[in-house]
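Written out below as structure tokens is the structure these notes cover.
In the numbering used here, the protein residues as written are 714 to 967.
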């Protein structure tokens, strides 16, 4: 029975920011659970992830779009439905970061982060929500939040603001759509070895400070998020709504 609850056989998923890192790991995990996946890349075709999805037995299609483009989310939903025959699962993973003191943060950097991390997520949730409401079959929307949905961070004002907003957006959408069978939840990764944390990993003192606080005793690897994503995408989470699931090695509990 447990295997059936976590099965994604027959489901079609769209994962943004899936060229590498956490997005690629989530796309692979969904495919391993049985889903077909539309793999989004920002500028170039995410073919490596598509190959990994196919190797796991799923159908894969590459979709390319700039998530700061207001027209991109609607187009991604249309392309996914046309290519995979439907859309049941959306993972809003695409995101960017700009590091630096607040007093040095330009309007351009602030706007760039908010456009992708918040506006792009809202627009894709809206586009996916319209489709799922029209089909009447329900579905799963998983937003990628952050530890900074709970904490302030340092020298990342736009990123912290955007990820705090993602937590609020997730809860609001769940309030609207839970009754329609659409589960909206979020995953909040801790400190993971990805491109976004490269500067922190290279800062020996900061990296040691981070590691010393993580009860699990290590940085997260992208694959560590896969199980949480499959859970939130599957029938096993049908009564889970508006939650921000921390996958952080115990950081928030310290």
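Here a beta-carbon is modelled for each residue, glycine too, at the ideal position from N, C-alpha and C. What you are looking at is a predicted structure, and each value in this text was computed from that prediction instead of being measured.
Anyone know if the C-beta pair for residue i and residue j falls short of 7 Å?
| i | j | result |
| --- | --- | --- |
| residue 796 | residue 775 | no |
| residue 805 | residue 729 | yes |
| residue 856 | residue 899 | yes |
| residue 983 | residue 790 | The displayed coordinates of the chain run from 714 to 967. Any statement about residue 983 would go beyond what the structure contains. |
| residue 744 | residue 720 | no |
| residue 878 | residue 865 | no |
Quick check on residue i: does DSSP put it in helix, strand or coil?
| i | result |
| --- | --- |
| residue 853 | strand |
| residue 896 | strand |
| residue 830 | helix |
| residue 783 | coil |
| residue 937 | helix |
| residue 927 | coil |
| residue 987 | Residue 987 is absent from the structure shown; the chain starts at 714 and stops at 967. |
| residue 953 | coil |
| residue 962 | coil |
| residue 858 | coil |
| residue 944 | helix |
| residue 863 | coil |
| residue 835 | helix |
Straight-line CA distance for residue i to residue j?
| i | j | result |
| --- | --- | --- |
| residue 923 | residue 962 | 11 Å |
| residue 794 | residue 800 | 6 Å |
| residue 788 | residue 727 | 12 Å |
| residue 741 | residue 934 | 14 Å |
| residue 739 | residue 942 | 6 Å |
| residue 723 | residue 747 | 7 Å |
| residue 932 | residue 913 | 11 Å |
| residue 927 | residue 849 | 42 Å |
Can you say whether residue i is buried or exposed, counting buried as having 16 or more other CB atoms within 10 angstroms of its CB?
| i | result |
| --- | --- |
| residue 925 | exposed |
| residue 734 | buried |
| residue 915 | exposed |
| residue 792 | buried |
| residue 888 | exposed |
| residue 836 | buried |
Exercise. What residue ranges within the segment 725-807 form continuous beta strand (DSSP E) runs of no fewer than 3 residues, ordered along the chain?
Worked result: DSSP runs (the beta strand (DSSP E)) wholly in the segment 725-807: 725-728, 749-754, 773-777 and 802-805.
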